[in-house]
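Undergrad: Residue 140 is where the sequence shown starts when you use our numbering, and the numbers rise one by one after that.
Note that CB positions come from ideal geometry on N, CA and C, so glycine has one too.
Keep in mind it's a predicted model, so treat the numbers as computed, not measured.
Got a structure for you, questions after.
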Amino acid sequence: LMIGLQNVSGMLKVKNIQIREYVPVASEGLTLSGSTAPKDATTYRSGEEMVFNFSLANRDNLDWKNYLIEIERSGDDGVTDRRTYPAQATVAAKTAIAGPGVVRMVARLLTADGIIVKKNGKEITFTMSGIADFDKIQPGVAEPEDFDAFWDKQKALLAEVPLKVLKFEKFKEQNGKIAYDVQVACAGERPVSGYLVMPRNAAPKSLEAKVIFQGYGATGAEAPWGKADEKSLAFQINAHGYPNGLSPAEYKKLGA
Numbered sequence: 140l141m142i143g144l145q146n147v148s149g150m151l152k153v154k155n156i157q158i159r160e161y162v163p164v165a166s167e168g169l170t171l172s173g174s175t176a177p178k179d180a181t182t183y184r185s186g187e188e189m190v191f192n193f194s195l196a197n198r199d200n201l202d203w204k205n206y207l208i209e210i211e212r213s214g215d216d217g218v219t220d221r222r223t224y225p226a227q228a229t230v231a232a233k234t235a236i237a238g239p240g241v242v243r244m245v246a247r248l249l250t251a252d253g254i255i256v257k258k259n260g261k262e263i264t265f266t267m268s269g270i271a272d273f274d275k276i277q278p279g280v281a282e283p284e285d286f287d288a289f290w291d292k293q294k295a296l297l298a299e300v301p302l303k304v305l306k307f308e309k310f311k312e313q314n315g316k317i318a319y320d321v322q323v324a325c326a327g328e329r330p331v332s333g334y335l336v337m338p339r340n341a342a343p344k345s346l347e348a349k350v351i352f353q354g355y356g357a358t359g360a361e362a363p364w365g366k367a368d369e370k371s372l373a374f375q376i377n378a379h380g381y382p383n384g385l386s387p388a389e390y391k392k393l394g395a
């Protein structure tokens, strides 16, 4: 509670105090992050245990024993759950889904009294999802009557574009894999743009291909390191043919 009074003397009476926002003294730099590593979040099977590892960074100056990490679970199965854990460096939350579908896990930082901790007016939070049997998930709505006609038209437009690689530059190498910054000619004003990751010594035509499509948004692609392995290469494509490697401000300007 901070009250700033200048050149005032006497008694101050305050009634009906309400806590609107709880900001710990050491909140600067506090962040939550998460990972399903070493498991790829898209490779679970129905009934398989999913493990979501949430981490609280920059907590050295925080009396973390007075704080909790709340993890809220929801999913395509309609099951919801909410649990709290001590705000240790890493918290492992486990769940499963009986059939094909998505599980969503949201972590928030709370005080020991259950008050949501905020920084600059925003919750300190992180969201992750896991997918079981992604290849068996059915559409949630009926297929439009003109579905095939629409896509036949789009494929015909694409077939008119000669296959031409506009850019193929080595981006980075790590853990026996190489990522390339790639652009390929496409119908429309912009090329296909993304990152291609493959094993370093892969023989020609020896790998399966995984393609990851980003949804709508003014962002660039990310190198899909976790989805490429000894049996497959992985190509992540951004939604609008944007160049890779731009700053957030540059992507925001492109999306304006």
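#1: Over the uninterrupted alpha helix (DSSP H) stretch that includes Glu-389, give me the two end residues.
#2: Taking the C-alpha atoms as reference points, what is the distance between Leu-171 and Lys-258?
#3: Is it the case that the Cβ atoms of Gly-359 and Tyr-381 are separated by a distance below 8 Å?
#4: Determine the direct distance from the alpha carbon of Asp-179 to that of Ile-276, and round the result to whole angstroms.
#5: What does a CB cutoff of less than 8 Å around Ala-237 pick up in its chain, not counting 5 residues either side in sequence?
#6: Answer yes or no: do Ala-367 and Val-323 have a C-beta to C-beta separation smaller than 8 Å?
#7: Going by CA-CA distance only, name the one from Ala-246, Arg-222, Val-242 and Phe-286 that's closest to Ser-268.
#8: Residues in its own chain within less than 7 Å of Lys-309 by CB, not counting five upstream and five downstream?
#9: Count the other C-beta atoms from every protein chain shown that fall within 10 angstroms of the C-beta of Ala-332, then say buried if there are 16 or more, exposed otherwise.
#10: Taking the straight line between their C-alpha atoms, what separation do you get for Asp-252 and Lys-204?
#11: Please classify Leu-362 as buried or exposed, where buried requires at least 16 neighbouring CB atoms within 10 angstroms.
#12: Report yes if the CB atom of Ala-232 is closer than 8 Å to the CB atom of Phe-193, and no otherwise.
#13: Buried or exposed: which applies to Gln-293, given that a residue is buried once 16 or more other Cβ atoms fall within 10 Å of its Cβ?
#14: Report yes if the CB atom of Tyr-223 is closer than 8 Å to the CB atom of Leu-248, and no otherwise.
#15: Any idea what DSSP makes of Asn-192, helix, strand or coil?
#16: Who are the near neighbours of Asn-383 in its chain, counting only those whose CB is closer than 8 Å to its CB and skipping five residues on each side?
#17: Once the 5 residues before and after Ile-270 are set aside, which same chain residues still bring their CB inside 7 Å of it?
#18: Locate the alpha helix (DSSP H) running through Phe-310, then write down its first and last residues.
#19: Is DSSP giving Leu-296 helix, strand or coil here?
TA: On the basis of the supplied data:
#1: Start at 1 with the first residue of the sequence shown, and residue 389 comes out as number 250. Segment 387-394, the alpha helix (DSSP H) holding Glu-389.
#2: Residue numbering aside, residue 171 sits at position 32 when the sequence shown is read from its first letter. Residue numbering aside, residue 258 sits at position 119 when the sequence shown is read from its first letter. Going from the Cα of Leu-171 to the Cα of Lys-258 covers about 12 Å.
#3: For this step, residue 359 is matched to residue 220 along the sequence shown. For this step, residue 381 is matched to residue 242 along the sequence shown. With contacts defined as CB atoms closer than 8 Å, Gly-359 and Tyr-381 qualify as a contacting pair.
#4: Position 137 of the sequence shown holds residue 276. Position 40 of the sequence shown holds residue 179. In this model, Ile-276 and Asp-179 are separated by some 17 Å (Cα to Cα).
#5: Here residue 237 refers to the residue found at position 98 when the sequence shown is read from its first residue. Here the set comprises Ser-185, Gly-186 and Asp-216.
#6: Residue numbering aside, residue 367 sits at position 228 when the sequence shown is read from its first letter. Residue numbering aside, residue 323 sits at position 184 when the sequence shown is read from its first letter. Against a cut-off of 8 Å, the Cβ pair of Val-323 and Ala-367 comes out as no contact.
#7: Position 129 of the sequence shown holds residue 268. In terms of Cα proximity to Ser-268, the closest of Ala-246, Arg-222, Val-242 and Phe-286 is Val-242.
#8: Walking along the sequence shown from the start, residue 309 turns up at place 170. These residues qualify, in order along the chain: Ile-317 and Tyr-319.
#9: Looking up residue 332 in the sequence shown gives position 193. According to the sequence as given, residue 332 is Ser; it is not Ala. Sixteen is the threshold: when 16 or more other Cβ atoms of the shown chains lie within 10 Å of the Cβ of Ser-332, as they do, the residue is buried.
#10: In the sequence shown, the residue the question calls residue 252 occupies position 113. In the sequence shown, the residue the question calls residue 204 occupies position 65. Put simply, the backbone Cα of Asp-252 is about 12 Å away from that of Lys-204.
#11: Taking the sequence shown and counting its residues from 1, one reaches residue 362 at position 223. Correcting the residue type first, residue 362 is Ala in the shown sequence and not Leu. Per the 10 Å Cβ criterion, buried.
#12: Here the question's residue 232 lines up with position 93 in the sequence shown. Here the question's residue 193 lines up with position 54 in the sequence shown. Taking 8 Å as the cut-off, the Cβ atoms of Ala-232 and Phe-193 count as close.
#13: As a position in the sequence shown, residue 293 is number 154, starting the count at 1. Counting the other CB atoms within 10 Å of its CB gives Gln-293 a total below 16, which places it among the exposed residues.
#14: Stepping through the sequence shown from its first residue, residue 223 is reached at position 84. Stepping through the sequence shown from its first residue, residue 248 is reached at position 109. Residue identity differs from the one stated: residue 223 is Thr in this sequence, not Tyr. Their beta carbons are not under 8 Å apart, which means Thr-223 does not touch Leu-248 by this criterion.
#15: In the sequence shown, residue 192 corresponds to position 53, counting from 1. Strand at Asn-192.
#16: Locating residue 383 in the sequence shown gives position 244, where the first residue counts as 1. Cβ within range, chain order: Phe-310, Asp-320, Ser-332, Gly-333, Tyr-334, Gly-359, Ala-360 and Asn-377.
#17: Stepping through the sequence shown from its first residue, residue 270 is reached at position 131. Contacts found: Ala-180, Thr-181, Tyr-183 and Val-241.
#18: Here residue 310 refers to the residue found at position 171 of the sequence shown. For Phe-310, there is no enclosing alpha helix (DSSP H); the enclosing beta strand (DSSP E) covers residues 304-313.
#19: Stepping through the sequence shown from its first residue, residue 296 is reached at position 157. For Leu-296, the secondary structure class from DSSP, reduced to helix, strand or coil, is helix.
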